[in-house]
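Undergrad:
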Amino acid sequence: MAVDITDPQFIKSLIDKEKLSQRSGVRWLLVPIIVVTLAYLTPFYYLFVTIFKTTPEYAQKGVLELPSSLAPFLDNVAQAWNIAHLGAAGFDSFTYALIGGAIAVAFAAAAAYGMTRLNLIGANGWFMLIFTGTLFPFQMYLVPLLFGYQRLGIINTWFGMLLVYVAICIPFPLLVLRNSFSGISKEIDEAARIEGASEWRVFTSMIVPNAIGPLIALFLLQFTFIWNDLLFSSILANGIEVRSIMVALQSLQGTYSTLGPNVVITATLISSVPTVVLFVILRKYFMAGLQLGTK
Amino acid sequence: MVNPASAMLSPEILKDARARERRVAWRQTRIAWLFIAPAVFMVSAFLLAPVVVNVILSFTKWQKFTGLDKFAGFSNYQRLFAVPYFSEALTNTAFWVVGAVVLPLAVGLALALLLRNIPFQETLKSLYFLPKVLAPTAVGAIWYYVYAPHGVINSIVSTVTGQKFDFGWIYDDNTVTPSVIVTFVWQTVGITMVLLLLGLAAIPRDPIEAARVDGASSGQIFRHIIWPLLLPTVLVVTILNVAAGFTTFDLLWVMAGDYPGKRTLSLAVYMYYESFSNGGWAYGSAVAVVLGAMVIAVSAGLAVLQSRVEKRIR
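Below is the structure:
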């Protein structure tokens, strides 16, 4: 097919055709996107109509019907809060997530510093040792941890729970931070050392500030993981004084529960507030953390 | 480093310098030990030691509180293959792994391709990502009522068909596993989609434009250009989802807590049930060892495949 590609008319017709096909393509795409998104949002819609219903109202009305008033919400919150002791459980989980996540990332950062910035003999071996901690499914830790915790007498204690969370949240951040720290120029710590700075000083005032983005992203991921954990806390700390928010939430739900779905659904909303708020405020870091996980 | 002065140094001074260098290296190593010690201790004590103990326990005959004194050889493993629960759990786990890999990829890829060129892309991306931030326990509690007899699905079906419909999706042997897998997909498709969008964004536009000018159809462009370049991302997502498929616990435990045969729902649930509801710790350890061996073998295979694919592309 012989076409004069320098002919402006021909080029213009090509551009028009391209634009037209793109525009009609986008319009055609909108239909499936809207359908899928609506189906996808249905559980959220269900959540928002349910938290405003009373238990009798829930039983009588269709589950997707709108509530008759917004007032029952406060009563649902009060019931969920009091019956599941969400305040105490939420405080426990918040401290586990905040302190555990921070200590784990700090330990991982220190180890990454030792492995990448100091001439550690056998650095790769040490790294592999810790990295092994990401290979096994959590199910392999449970029975020995329970057994060990009973022996040590730290079962059902706040401190014992914190220890597990710290240990579990070290290997992945170490993997990521080892990469980030290797990317920082060696000259800046050499310069600081010549000035007489101690290794601790170099670590805290040269390396950490240079990797603050990944550190925040990793902390958010670990915070979310600990806050959302059910498996470990259901086994190692299910006593009412130290149980996590997810154990409390789970205790509300199921056949043996006498509570209405409106109360349980309200409890799920309450237990999701911290991570959702963090996600909304720090979305940038969450998305960055996500990409860290695939490199 | 080339130092002009070094030409004038005698061998003795050089030897001294090297010895000093070695001393510095050892000094740094000793300081480095302090830096890595907390991480090494925590991981060894709370993760690696338990794995070793788990393997040992799986060879003992051991009931709660009586100690690990009796060596029992492979009897726990023999029991695994003798009971029907284990093979049912294994079958369901296989089902889970396939479902957790194929469905998020298929739906996530379709969504990624759909969302690629439209307005509000960022908002929709965040919206689809949101369930991943929620706890599986919370998601499971919501979906428990979505599937309940007086629940969302049945309500929609009733409205559409005009007949009363109150099927118990998570009480029925045939629908319980697919129902929970659908919930899993609902929760994870957003992260899969975001990762695929990142992969798509990294594909250069020139070969696609060139192929289009040459008259290639969209299907051909996808098959011959987009898919091969997207394959490394697809494999990363596969590795993440395979592990999730093998080990998903919270969703199953929360959603299917009422299902009579719940111990057979997956190996992760079976392990938990046998260890903590039945108190058979040694037997539960054997289940965990089998599960761990499978996860590691499959993940290692996929990791090798992924590194080969990446090498081929570069």
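Residue numbers (my numbering), protein chains in the order written: chain H, 9 to 303; chain L, -15 to 298.
Every residue gets a Cβ at the ideal spot worked out from N, C-alpha and C, and that includes glycine.
1) From this set, H:Leu49, H:Asn90, H:Gln258, which residue's C-alpha is nearest Met239 (chain L)'s C-alpha?
2) Since Pro162 (chain L) meets chain H, which of its residues come closer than 7 Å, beta carbon to beta carbon?
3) Between which residues of its own chain and Thr232 (chain H) is the CB-CB distance below 7 Å, once the five residues before and five after are set aside?
4) Quick one: what does DSSP say Ile297 (chain L) is sitting in, helix, strand or coil?
5) State buried or exposed for Val256 (chain H), treating a residue as buried only when at least 16 other CB atoms are found within 10 Å of its CB.
6) Are Ala112 (chain H) and Pro181 (chain H) close, meaning C-beta to C-beta below 8 Å?
7) Apart from the five residues just before and just after Ala349 (chain H), which ones in its own chain have a Cβ nearer than 6 Å to its Cβ?
8) Would you please verify whether the beta carbon of Gln230 (chain H) is less than 8 Å from any beta carbon of chain L?
9) One question on the structure: do Leu244 (chain H) and Asp234 (chain L) come within less than 8 Å of each other, judged by their Cβ atoms?
10) Does DSSP put Phe294 (chain H) in a helix, a strand or coil?
11) Which of helix, strand or coil does DSSP assign to Thr165 (chain H)?
12) Locate the alpha helix (DSSP H) running through Gly109 (chain H), then write down its first and last residues.
13) With a threshold of 7 Å on Cβ separation, who are the neighbours of Ala110 (chain H) within its own chain once the five nearest residues in sequence on each side are excluded?
14) Helix, strand or coil, according to DSSP, for Asp55 (chain L) in the structure here?
15) Return helix, strand or coil for Lys45 (chain L), following the three-state DSSP convention.
16) Can you tell me whether Trp17 (chain L) is helix, strand or coil according to DSSP?
17) What residues in the region 133 to 146 of chain H have a beta carbon less than 8 Å from any beta carbon of chain L?
18) Go ahead and pull the three-state DSSP assignment for Ala67 (chain H).
19) Name the chain L residues whose beta carbon is nearer than 9 Å to that of Leu74 (chain H)?
20) Short of 7 Å Cβ to Cβ, which residues in the region 264 to 276 of chain H face chain L?
21) Can you find the residues in the same chain that come closer than 6 Å, C-beta to C-beta, to Met255 (chain L), ignoring five residues on each side of it along the sequence?
22) Using a C-beta to C-beta distance shorter than 9 Å, which residues of chain H count as neighbours of Leu41 (chain L)?
23) What is the DSSP secondary structure of Val250 (chain H), reduced to helix, strand or coil?
24) For Asp190 (chain L), count neighbouring Cβ atoms within 10 angstroms of its own Cβ and tell me buried if that reaches 16, exposed if not.
25) Under the rule that 16 or more other beta-carbon atoms within 10 Å means buried, what is Leu38 (chain H), buried or exposed?
26) May I have the straight-line CA-CA distance separating Asn101 (chain L) from Ala296 (chain H), to the nearest angstrom?
27) Please go through the region 194 to 226 of chain H and give each complete alpha helix (DSSP H) segment of 4 or more residues, from N-terminal end onward.
28) Using Cβ-Cβ distances below 7 Å, what residues of the region 123 to 149 of chain L are close to chain H?
29) Identify the continuous alpha helix (DSSP H) that holds Ala131 (chain H) and give its terminal residues.
30) I'd like to know whether the C-beta atoms of Gln171 (chain L) and Lys116 (chain L) end up nearer to each other than 8 Å.
31) Listed from N- to C-terminal order along the chain, which residues in the region 275 to 291 of chain L have their beta-carbon within a distance smaller than 8 Å of any beta-carbon of chain H?
32) How big is the Cα-Cα spacing for Trp153 (chain L) and Thr161 (chain L)?
33) Since Phe230 (chain L) meets chain H, which of its residues come closer than 8 Å, beta carbon to beta carbon?
34) So the alpha helix (DSSP H) Phe70 (chain L) belongs to, where does it begin and stop?
35) Kindly list, in the order they appear in chain L, the residues whose Cβ is closer than 7 Å to that of Ala116 (chain H).
36) According to the Cβ coordinates, are Phe43 (chain L) and Ala33 (chain L) closer than 8 Å?
TA: Here's the rundown:
1) Stepping through the second sequence from its first residue, residue 239 (chain L) is reached at position 255. When only C-alpha atoms are compared, the closest one is H:Gln258.
2) Counting from one through the second sequence, the residue named residue 162 (chain L) turns up at place 178. Simply none; closest approach about 16 Å.
3) Locating residue 232 (chain H) in the first sequence gives position 224, where the first residue counts as 1. Result list for Thr232 (chain H): Thr283, in chain order.
4) For the purposes of this step, residue 297 (chain L) is identified with residue 313 of the second sequence, where counting begins at 1. Helix.
5) Stepping through the first sequence from its first residue, residue 256 (chain H) is reached at position 248. The amino acid occupying residue 256 (chain H) in the given sequence is Ala; Val does not appear at that position. Ala256 (chain H) is buried by the Cβ-count criterion.
6) Here residue 112 (chain H) corresponds to residue number 104 of the first sequence, with the count starting at 1. Here residue 181 (chain H) corresponds to residue number 173 of the first sequence, with the count starting at 1. Contact flag set, yes.
7) Since the first residue of chain H shown is 9 and the last is 303, residue 349 (chain H) is not available in this structure.
8) In the first sequence, counting from the first residue as 1, residue 230 (chain H) sits at position 222. By this cut-off, Gln230 (chain H) is not an interface position.
9) Indexing the first sequence from 1 puts residue 244 (chain H) at position 236. Indexing the second sequence from 1 puts residue 234 (chain L) at position 250. For Leu244 (chain H) and Asp234 (chain L), no; Cβs fall outside 8 Å.
10) For the purposes of this step, residue 294 (chain H) is taken as the residue at position 286 of the first sequence. The answer is helix: DSSP assigns Phe294 (chain H) an H, G or I state.
11) Taking the first sequence and counting its residues from 1, one reaches residue 165 (chain H) at position 157. Coil at Thr165 (chain H), not helix or strand.
12) Residue mapping note: residue 109 (chain H) aligns to position 101 of the first sequence, counting from 1. Looking at the DSSP string, the run of the alpha helix (DSSP H) that includes Gly109 (chain H) is 109 to 124.
13) By one-based count along the first sequence, residue 110 (chain H) stands at place 102. The answer, listed in chain order, is Phe227.
14) Start at 1 with the first residue of the second sequence, and residue 55 (chain L) comes out as number 71. Per the sequence presented here, residue 55 (chain L) reads as Phe, with Asp not at that position. The answer is strand: DSSP assigns Phe55 (chain L) an E or B state.
15) For the purposes of this step, residue 45 (chain L) is taken as residue 61 along the second sequence, with counting starting at 1. In the structure shown, Lys45 (chain L) sits in a strand (DSSP, three-state: E or B).
16) Numbered from 1 along the second sequence, position 33 holds the residue referred to as residue 17 (chain L). Three-state DSSP puts Trp17 (chain L) in a helix.
17) Trp134, Leu137, Ile138, Thr140, Gly141, Leu143, Phe144, Pro145, Phe146
18) For this step, residue 67 (chain H) is matched to residue 59 along the first sequence. Here Ala67 (chain H) sits in helix by DSSP.
19) Along the first sequence, read from residue 1 onward, the residue named residue 74 (chain H) stands at position 66. Per Cβ cutoff of 9 Å: no residues; Leu74 (chain H) is ~13 Å from chain L at best.
20) Pro269, Val272, Ile273, Thr276
21) Stepping through the second sequence from its first residue, residue 255 (chain L) is reached at position 271. For Met255 (chain L), where only same-chain residues beyond five positions count, the Cβ hits under 6 Å are Gly268, Val271, Ala272.
22) In the second sequence, residue 41 (chain L) corresponds to position 57, counting from 1. Here the neighbours are Val151, Pro152, Phe155.
23) Here residue 250 (chain H) corresponds to residue number 242 of the first sequence, with the count starting at 1. Coil, per DSSP.
24) Here the question's residue 190 (chain L) lines up with position 206 in the second sequence. By the neighbour-count rule (16 or more Cβ atoms within 10 Å), Asp190 (chain L) is not buried but exposed.
25) Walking along the first sequence from the start, residue 38 (chain H) turns up at place 30. Leu38 (chain H) is exposed by the Cβ-count criterion.
26) The sequence position of residue 101 (chain L) within the second sequence is 117, counting from 1. The sequence position of residue 296 (chain H) within the first sequence is 288, counting from 1. In a straight line, the C-alpha of Asn101 (chain L) is about 22 Å away from that of Ala296 (chain H).
27) 194 to 202, 207 to 210
28) Ala125, Ile126, Trp127, Tyr128, Tyr129, Val130, His134, Gly135, Val136, Ser139
29) The residue you call residue 131 (chain H) lines up with position 123 of the first sequence. Taken as a continuous stretch (DSSP letters only), the alpha helix (DSSP H) holding Ala131 (chain H) covers 131 to 139.
30) Here residue 171 (chain L) refers to the residue found at position 187 of the second sequence. Here residue 116 (chain L) refers to the residue found at position 132 of the second sequence. Yes, these two residues count as a Cβ contact at 8 Å.
31) Leu275, Gly276, Val279, Ile280, Ser283
32) Position 169 of the second sequence, counted from the first residue, corresponds to residue 153 (chain L). Position 177 of the second sequence, counted from the first residue, corresponds to residue 161 (chain L). Computed Cα separation, rounded: 9 Å.
33) Locating residue 230 (chain L) in the second sequence gives position 246, counting from the first residue. Chain H residues near Phe230 (chain L): Pro145.
34) Taking the second sequence and counting its residues from 1, the one referred to as residue 70 (chain L) is at position 86. 68 to 99 is the extent of the alpha helix (DSSP H) around Phe70 (chain L).
35) Translated into positions along the first sequence, residue 116 (chain H) becomes position 108. Result: Ala23.
36) If you number the second sequence from 1, residue 43 (chain L) lands on position 59. If you number the second sequence from 1, residue 33 (chain L) lands on position 49. In this structure, Ala33 (chain L) does not lie closer than 8 Å to Phe43 (chain L) by Cβ.
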